[in-house]
């Protein structure tokens, strides 16, 4: 009996690979405790007010949420100083990214443009939607060449994706450069949308200097992606949002699956927005931990890239175990970080900023691994 056929684009597709979970490492190595510093989650956990909100509203989980999550859209509009009708809430910002590709790009006719490497959801969802992916390599220092990126744009380009700060490097382009890209793109391709993914931008030393959205600069051809997974500590609840040009927001709402943000996720997000104490503590913990890990890894001889996000990208010192060996040794010791082979960077690693205890444990393990130069890790 023949198998049911699928589209060629799907047959060739490589699935998104998330970071390893704590449970699978505990099971594999029989460890009572595991430190996860792989997925750029909040080092302080879940906001207390959000936890209370989930517990308080749990009995109502048999109800559907209000269509469109208008309370959350209104709260986000107020936070960013934009009309609430420009805010589209989704099951993670991934959903908004997927919807934008679906409503703007015609399969087989249009293309989207991004850097390489980049957040893998852009090319994955583009391929699922049957559109051409055009990718501009990053510079050797992982900075952006916007002029070269713009060269890939033509009359059939519907979306240009830019992540700032970038993943996995943490590089953050000057705000003025992103604004200039929006302006140049409007002139070259008036029917093209610039999507600025700001998932990590509030970890920057100066958010307003790094972010168009935070500084109130919103070009007419630009959409902004934000998330509750990082600073707001709700990665497992899956809540993200886009702030879109007004005319596009309505079409995204039409295409969005109903009730994609569940009732408990919405209540948690509303509570997290109100928990200023937790939010500010998160920013302090990340900025302090980022400096400590940068200093500690550099002192061990690692090449560490400057970062404006809640993670650091680094390479092992010469003569030390390889990145792959380091990753496996850390796993056996109960510490999960992210190897960057899936980004075509097999010699590099990425570590999320943890809490103080986690950061110290990671640096201690790294010191021991690096001290074993010439040995197999």
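In this note's numbering, the protein residues as written are 7 to 383. Each residue gets a CB set at the ideal place from its N, CA and C atoms; glycine is no exception. Everything numeric in this text was worked out from a predicted model, so none of it was measured.
If you measure between the beta carbons of residue i and residue j, is that distance less than 8 Å?
i	j	result
residue 351	residue 180	no
residue 117	residue 151	no
residue 281	residue 53	yes
residue 134	residue 213	no
residue 278	residue 246	no
residue 361	residue 274	no
residue 109	residue 255	no
residue 144	residue 119	no
residue 340	residue 39	yes
residue 251	residue 206	no
residue 185	residue 218	yes
Between which two residues does the beta strand (DSSP E) carrying residue i extend?
i	result
residue 163	163-169
residue 232	228-233
residue 346	First-last for residue 346: undefined, no H or E at that position.
residue 160	Run containing residue 160: none; DSSP gives neither H nor E here.
residue 358	354-358
residue 203	199-203
Between the Cα of residue i and the Cα atoms of the options, which residue gives the shortest distance?
i	options	result
residue 59	191, 269 and 168	269
residue 173	46, 20 and 223	46
residue 297	224, 232 and 366	366
residue 191	204, 80 and 166	166
residue 328	265, 377 and 43	377
residue 233	178, 331, 26 and 276	276
residue 330	345, 222 and 371	345
What residue range is occupied by the uninterrupted alpha helix (DSSP H) comprising residue i?
i	result
residue 54	54-63
residue 156	152-157
residue 96	No alpha helix (DSSP H) contains residue 96, which is instead part of the beta strand (DSSP E) from 93-96.
residue 190	181-194
residue 131	127-134
residue 35	28-35
residue 274	269-280
residue 80	76-86
residue 266	Unbroken run through residue 266: none, as it is neither H nor E.
residue 99	99-110
DSSP puts residue i in a beta bridge; with which residues?
i	result
residue 41	341
residue 5	The structure shown does not extend to residue 5, since the chain spans only 7 to 383, so no value can be given for it.
residue 309	321
residue 258	Bridge partners of residue 258: none, in fact.
residue 12	In DSSP, residue 12 forms no bridge with anything.
Which class does residue i belong to by DSSP, given the choice of helix, strand or coil?
i	result
residue 66	helix
residue 374	helix
residue 302	helix
residue 219	coil
residue 246	strand
residue 365	helix
residue 289	helix
residue 17	helix
residue 336	helix
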